[in-house]
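Number of protein chains: 4
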Amino acid sequence: MTILAGEVDTEIQQQLLTRFRRVRSETEQLADPLSAEDMQLQSMPDASPTKWHLAHTSWFFETFVLLPRLPGYRQFDADFHHLFNSYYNSLGTPFSRPQRGLLSRPDLDSVFAYRQTVDRCIDGLLAEYPVTPELEALITLGLNHEQQHQELLLTDIKHAFSINPILPAYLDSAPDDDVPGRVEESSWLQIPGGVYSIGGEGEHFFFDNESPAHQQLLQDFRIASRLVSNGEYREFIEDGGYREPRLWLSDGWAQVQQNRLEHPLYWQKREGRWYQFTLAGLQPLVDPEPVCHLNYYEADAFATWSGARLPTEFEWEVAACLLRKPDQLAGANLLEKRAFRPLAASAGQAQFLGDLWEWTSSAYQPYPGFRASSDAVGEYNGKFMCNQKVLRGGSCITPAEHIRMSYRNFFYPHQSWQFTGIRLAGD
Amino acid sequence: MTILAGEVDTEIQQQLLTRFRRVRSETEQLADPLSAEDMQLQSMPDASPTKWHLAHTSWFFETFVLLPRLPGYRQFDADFHHLFNSYYNSLGTPFSRPQRGLLSRPDLDSVFAYRQTVDRCIDGLLAEYPVTPELEALITLGLNHEQQHQELLLTDIKHAFSINPILPAYLDSAPDDDVPGRVEESSWLQIPGGVYSIGGEGEHFFFDNESPAHQQLLQDFRIASRLVSNGEYREFIEDGGYREPRLWLSDGWAQVQQNRLEHPLYWQKREGRWYQFTLAGLQPLVDPEPVCHLNYYEADAFATWSGARLPTEFEWEVAACLLRKPDQLAGANLLEKRAFRPLAASAGQAQFLGDLWEWTSSAYQPYPGFRASSDAVGEYNGKFMCNQKVLRGGSCITPAEHIRMSYRNFFYPHQSWQFTGIRLAGD
Amino acid sequence: MTILAGEVDTEIQQQLLTRFRRVRSETEQLADPLSAEDMQLQSMPDASPTKWHLAHTSWFFETFVLLPRLPGYRQFDADFHHLFNSYYNSLGTPFSRPQRGLLSRPDLDSVFAYRQTVDRCIDGLLAEYPVTPELEALITLGLNHEQQHQELLLTDIKHAFSINPILPAYLDSAPDDDVPGRVEESSWLQIPGGVYSIGGEGEHFFFDNESPAHQQLLQDFRIASRLVSNGEYREFIEDGGYREPRLWLSDGWAQVQQNRLEHPLYWQKREGRWYQFTLAGLQPLVDPEPVCHLNYYEADAFATWSGARLPTEFEWEVAACLLRKPDQLAGANLLEKRAFRPLAASAGQAQFLGDLWEWTSSAYQPYPGFRASSDAVGEYNGKFMCNQKVLRGGSCITPAEHIRMSYRNFFYPHQSWQFTGIRLAGD
Amino acid sequence: MTILAGEVDTEIQQQLLTRFRRVRSETEQLADPLSAEDMQLQSMPDASPTKWHLAHTSWFFETFVLLPRLPGYRQFDADFHHLFNSYYNSLGTPFSRPQRGLLSRPDLDSVFAYRQTVDRCIDGLLAEYPVTPELEALITLGLNHEQQHQELLLTDIKHAFSINPILPAYLDSAPDDDVPGRVEESSWLQIPGGVYSIGGEGEHFFFDNESPAHQQLLQDFRIASRLVSNGEYREFIEDGGYREPRLWLSDGWAQVQQNRLEHPLYWQKREGRWYQFTLAGLQPLVDPEPVCHLNYYEADAFATWSGARLPTEFEWEVAACLLRKPDQLAGANLLEKRAFRPLAASAGQAQFLGDLWEWTSSAYQPYPGFRASSDAVGEYNGKFMCNQKVLRGGSCITPAEHIRMSYRNFFYPHQSWQFTGIRLAGD
């Protein structure tokens, strides 16, 4: 296949190309501290190897953009089609998910060659051919998909490293020492009830699960001014939170007993002091920082213990929109800040965007009028609308460009390897 | 303990006593076709032995009514307190649920003696002491609790019998032969959007999970005029419904593959013809009758295949209330009809109440402002508000007195041993 | 079918009939203290309900004696053939073993009717037809088979009762109080090496796995004068036996860790004192009595801790034969003594026969020249000759008539619900 | 630590050093075709990553030789002690075996540096210090240990590659095409009964489990003149061998049903033709070559189907010794031949040594008088003497120096990822 270097002749093409290169490059930068051995790790079925993320995100562009739209494009490698499909059953049986860590071949170099071929061909496609709205939409979808995998790449490698007794650090350097000694008391923000607009609409990108925009009738509620901190969660533990069944949902209590849970994932006590495993290795627990890596059951039990509850996803969206600052992302702790951990809220900072994904009490269900699209890309979101909970707001490893008030993330209640935290609400 | 035979002096007392005796007696009538051996069967952790249901419903009255409220009442047997507690962790560790079938002792006679003692003492309590609103509420709660177990008693023994290769029948006689040859075509009932009142309120009994009554904003929708029939579901099977992943929720497809599902629970094919196991033993499948014993994934996949969807619980409640007849229960196929199976809809019959519990797309979550009560009885509903789906409308084995438009039943999406069916909806 | 009452005309017929009636009657006597509910209990896949034992032993006579040999005999019930087959794959797929406890039907009365029909027909067969050697052999095999199930009936109900928190007793009365305060020190019996005859031969009955009789070359060894006692095993526990991996076989240590084992099955500590669950309910642990219900790993670890080892099955047989008294069964603690538990050795009593099955270090393998018979009855022993260990000597619940020096019992190393114990050996 | 370069002054030192270097170098040559990613693969708990084998064999020398015997030696890295311990519980809790594939760190370079340090220090130890018999014994043990891991390295990577849908080849080139079209008919070799010496004795190295040498009394038997071939095993399959329960041991039949087995591990049928996965990738099945990668149950079922049986380990050893040629290893298909697969027997070749490990019917048990040594090295063999079967004779990937007639290998009956095969025997 030869791609003639054509002139990029429109602003949209140029913007799309720039963004494409930036997002694709960011993925590789995130993988940069890792060796070929690291990039093959898969520590549980929920997680995937870095190498697989690198390949699968390219597979997406190859499958949905290059093969149907770039004349003359030939598959990079027929095996890759099977190996790096994720859950698109309509495109054939995907390779067994729990065994992704067993793919030493194709090797890392081949995967990078795959990326480069895909990048070069997308470059060529954007240079040579008119950018139709459909093409723009597909590439934008592919980039948002890649940004999701950027976040997974980091949470998956964090989990894999946590299994290794030598507790490797992803980051070279430890975090700054000047962590704040305290954080402001949490206060309640009052929000009046009424009919509110919910969901994504307009020109900017949003996932199908954020639509259709629609109205929700809410009652008066209140919501906390910041995330729950490590210190507050420590009180819950010390008060016997993990031993009192009345605080827990039934399924949560079963999980506590079965796994003998006594503290959040990544916490450990050494000689009477709490530490937590982070992307910078094992670090002393910092009380004012937001508590993270909780599953839904822990978040709910903490809320019950506090005499509060978790917000619904609608309450969250309404509160976050009403309270947002003019430049909502300024100062938000997102991927670009490169903190790689949640940070203690500074005075007046509400932390709706960034720091941690916030568990809402809402089950992940379709919005009224939702229709999954009927093509393979349409397998994307609808099929997961059962048994999961909605999380809102993005985390310290979410790209700034990827988050918005209407964004609906979703995980199973028992999962805790994402950067998840708690914001309280009440009636 | 001696109970003086006093005069029942008020209408409320008399009504409560009459109802108490009737409900308690109904439970024993339902157990009547079963032997002591049958009553000990437990075929899976989700199900319980009949004997256990007989005892546990009595335990409820003993624990929450007699012990705290009848002066001088002494526990019937201290062991029963542990053995027949269900999931009230606040009252001590319940006996391991999957092992309820291993309790050959206490024997059935002792359990009936337990029932008689409890009945006699409640009689005495109602005769001797003033019926406070709290007492009336507790007894009413206990009776509703018992009615729930009446239904479970039947579904649990049905499941247990289905494991036995000789396929025992609970009912002596086979169903009537004059089953209708056909059922009217299903049509769409149009319901306009708007703000509707949802939930239980007023003087009659409802469970805490039906409250608070509140407003929901709905969009225009349509809902099917009757339940989906066996014949319609057979078309889904014959069209390859169990082999097409695009029709299924992700978790549902995983279950189909893992268990190699090809048809509903209790269906079996013999020499090219479909049969289903019923409380009257193995019977030929009757096309016009409503399809039953589906799990949520099957209901959802069928709806997708049909180009429709399942209703939300709010849509269901609004439609059922709008369309109800003056005497909504007249003709409904509920327990008192003693059909013990869903029946083909007769002309104009909407089947909202009775026949089958209808899966809604709504996750089982608290209504706005819901607070679980803080005592042990309050463990009742709130702790299950995660991972389950709401079902509405009651079934052919639900007592008429126990069902109402606002009633919220709930089961896990994978469960199918209840009398569950499908009503379609659309935008 | 009619059986003409004929004259029993030979001594063999009379003896066989007498024995048949006695053994069959014994099974029913052993079941006598149990209710229909008790007789349906199955507490684990390894165990079977009493009702199943009652039926399966009759199935054996029906299948291998009556159907092929009694002219005109018709199956009692075709379903029974499938339900009460154990593992004879050549006779069709047996009913799923772990679900035997779910057979409430056929009910207990039908099973007793089945027994009576079989008994009556065997009576008729023996009265009417000549007793060929083949018939005598088959009936004798059937009776030995039934005696094996007598023992299993007791160990299975013991296990089932042990799960019930109220710890029911099979026996009405507690054991005598006059238990000995002490037992003689164990001493070593020296046995010279040489070539010894091993196995069953001659006219009396033995199982195929005891043959062919053959020669084994043994080295000098020594063997303990009695079984290991509870008190001795308690010292092992108190010395940290369950916490020291060096004492354990690799698979045994894995089991200790996985199940958090700290003591034998049926032992429990209450307020600082040891008890054990017995057929007479929970009883204080009696130090001089033999320690029982050990699995092979525990027996082996105790032997290692003691600086000794377990005997091979050949050493056991040679020692037991050399040391036997003229009337070896006199005073032995077997089923007929109705002690239902192992007893402290009295002075000079070697306990080779009775009290407890003794784990040997020998894997259960065929003797040189062993051939399984090729008919269905031949499925009996050979197919289990892998992964199991040989036990010797019978137990306190083995019928006297059923045990002999060459008898080879076999269980998996992890199993402990039989009456199993330890005899030490050394080089 | 400094090692003075001393003179190697004795022949023993020189021989030991030469052998040490050769064996250690061989391990690295076997790893040479693999990438760092390949070397991290762990496809099941039974297998280990190549990197782990490289490290663990060095850990053995460091732990048992350098630390106790080289003055001034300091641990290479304290973490390695924990990470690369295998099952020596007496040296601390080993790292979780099923998670060895999750150790991306230490990286491969560090493991090679570890090997080099250990090699250099052993060189220094042998150069500087007198070689006591104890030291010689320990180093010889370490080299034999390393040779065991050479074989595991190959079988483990073969298994890991077999999971990958692209079926990678360990070997660059396919095998020669000139495979023999046929193999001589198998014949029976008659061996007279008698008392034979069994086991390892004398000056050369043998493992503790081969001792003590002792006498076994054998009956007349016969043994096949070569291994069973693929073609013969294919007949067993085509005759319905995997569908006939009477041919199988009970545990084997359970495994066949549970895993729906229909052919040996690594066989697959494509378009009506059999292939097998090999170290040279997927290759057409060659009928005359020995059938390999069978588990014990398959070997036993095949023998039963053939009207024969498997030999005991004593029969095997006696036959192999009686029938051996003067230069028994000449022509044997062992690791040094670099065939990496079993080869069809040439005329007159008995294949006792090399080609495939031969399942014997003998359970892996201690020889009479066996005592495990009491130090940590003594954990080596005795603790596995339960639930496993003895295999004899070495395979096509066993180093020639590592095999001998008395060698006892052992695996669980269900395991088939070793190069295992069948030799028939009879009475």
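So the sequences go chain by chain: A, B, C and D. The numbering of the first sequence is the UniProt record's numbering, which starts it at 1 and goes up by one. The numbering of the second sequence is the UniProt record's numbering, which starts it at 1 and goes up by one. The numbering of the third sequence is the UniProt record's numbering, which starts it at 1 and goes up by one. The numbering of the fourth sequence is the UniProt record's numbering, which starts it at 1 and goes up by one. The beta carbon of each residue, even a glycine, is placed where N, CA and C say it ideally should be.
query, result
"DSSP-derived helix/strand/coil call for residue 383 of chain A", "helix"
"Contacting positions in the segment 20 to 39 of chain A - beta carbon closer than 7 angstroms to chain B", "none"
"Inter-residue spacing [alpha-carbon to alpha-carbon] between residue 32 of chain B and residue 226 of chain B", "33 angstroms"
"Rounded C-alpha distance that separates residue 209 of chain C from residue 424 of chain D", "22 angstroms"
"Proximity test, Cβ basis, 8 angstroms: residue 75 of chain B and chain C", "no"
"Limits of the unbroken alpha helix (DSSP H) element including residue 58 of chain A", "50 to 61"
"Bridge partner(s) assigned by DSSP for residue 214 of chain C", "C/198"
"Opening and closing residue of the beta strand (DSSP E) in which residue 298 of chain C lies", "Looking at the DSSP string, residue 298 of chain C is not in any beta strand (DSSP E); the run it does join, the alpha helix (DSSP H), is 296 to 305."
"Length of the line joining the Cα atoms of residue 276 of chain C and residue 269 of chain C", "8 angstroms"
"Straight-line gap, residue 181 of chain D to residue 288 of chain D (C-alpha atoms, nearest Å)", "7 angstroms"
"Close beta carbons around residue 428 of chain A, own chain, < 8 angstroms, minus the five adjacent residues each side", "Residue 428 of chain A is absent from the structure shown; chain A starts at 1 and stops at 427."
"Straight-line gap, residue 238 of chain B to residue 230 of chain B (C-alpha atoms, nearest Å)", "12 angstroms"
"Short CB-CB distance (under 8 angstroms) between residue 156 of chain D and chain F", "The structure shown contains no chain F; the protein chains it does contain are A, B, C and D."
"Against chain D: residues of the UniProt domain \"Sulfatase-modifying factor enzyme-like\" (186 to 320) of chain A by CB proximity under 9 angstroms", "none"
"Residues of its chain near residue 192 of chain C, where Cβ-Cβ distance is below 7 angstroms and the 5 sequence neighbours each way are ignored", "220"
"Cβ-Cβ distance between residue 357 of chain C and residue 295 of chain C below 8 angstroms", "no"
"Residue 253 of chain D, DSSP secondary structure in three states", "helix"
"Near-chain B residues of the segment 40 to 72 of chain C (beta-carbon distance less than 7 angstroms), N- to C-terminal order", "40, 41, 43"
"Residue from D/101, D/113, D/14 whose Cα sits closest to the Cα of residue 41 of chain D", "D/101"
"Inter-residue Cα distance where the pair is residue 19 of chain A and residue 140 of chain A", "9 angstroms"
"Check whether residue 56 of chain D and residue 95 of chain D have beta carbons under 8 angstroms apart", "no"
"Any C-beta of chain D under 8 angstroms from that of residue 133 of chain A", "no"
"Length of the line joining the Cα atoms of residue 113 of chain C and residue 76 of chain C", "9 angstroms"
"6 angstroms CB neighbourhood of residue 79 of chain A in its chain, flanking five on each side removed", "none"
"Test: residue 409 of chain B CB closer than 8 angstroms to a CB of chain A", "no"
"Min CB distance residue 413 of chain B to chain A below 8 angstroms", "yes"
"Boundaries (first-last residue) of the alpha helix (DSSP H) holding residue 158 of chain D", "133 to 163"
"Close beta carbons around residue 336 of chain C, own chain, < 8 angstroms, minus the five adjacent residues each side", "399, 400"
"Residues within the segment 351 to 375 of chain D neighbouring chain C, beta-carbon criterion of under 8 angstroms", "361, 362, 363, 365, 366, 368, 369"
"Bridge partner(s) assigned by DSSP for residue 389 of chain A", "A/363, A/411"
"Residue(s) in a DSSP beta bridge with residue 279 of chain B", "Looking at the DSSP assignment, residue 279 of chain B forms no beta bridge with any residue, so it has no partner."
"Per-residue DSSP class, three states only, for residue 227 of chain A", "coil"
"Cα-Cα separation, residue 190 of chain C to residue 222 of chain C", "4 angstroms"
"Alpha-carbon to alpha-carbon, residue 333 of chain D and residue 47 of chain D", "24 angstroms"
"Euclidean distance between Cα positions of residue 343 of chain B and residue 330 of chain B", "15 angstroms"
"Enclosing beta strand (DSSP E) for residue 270 of chain A [first to last residue]", "267 to 270"
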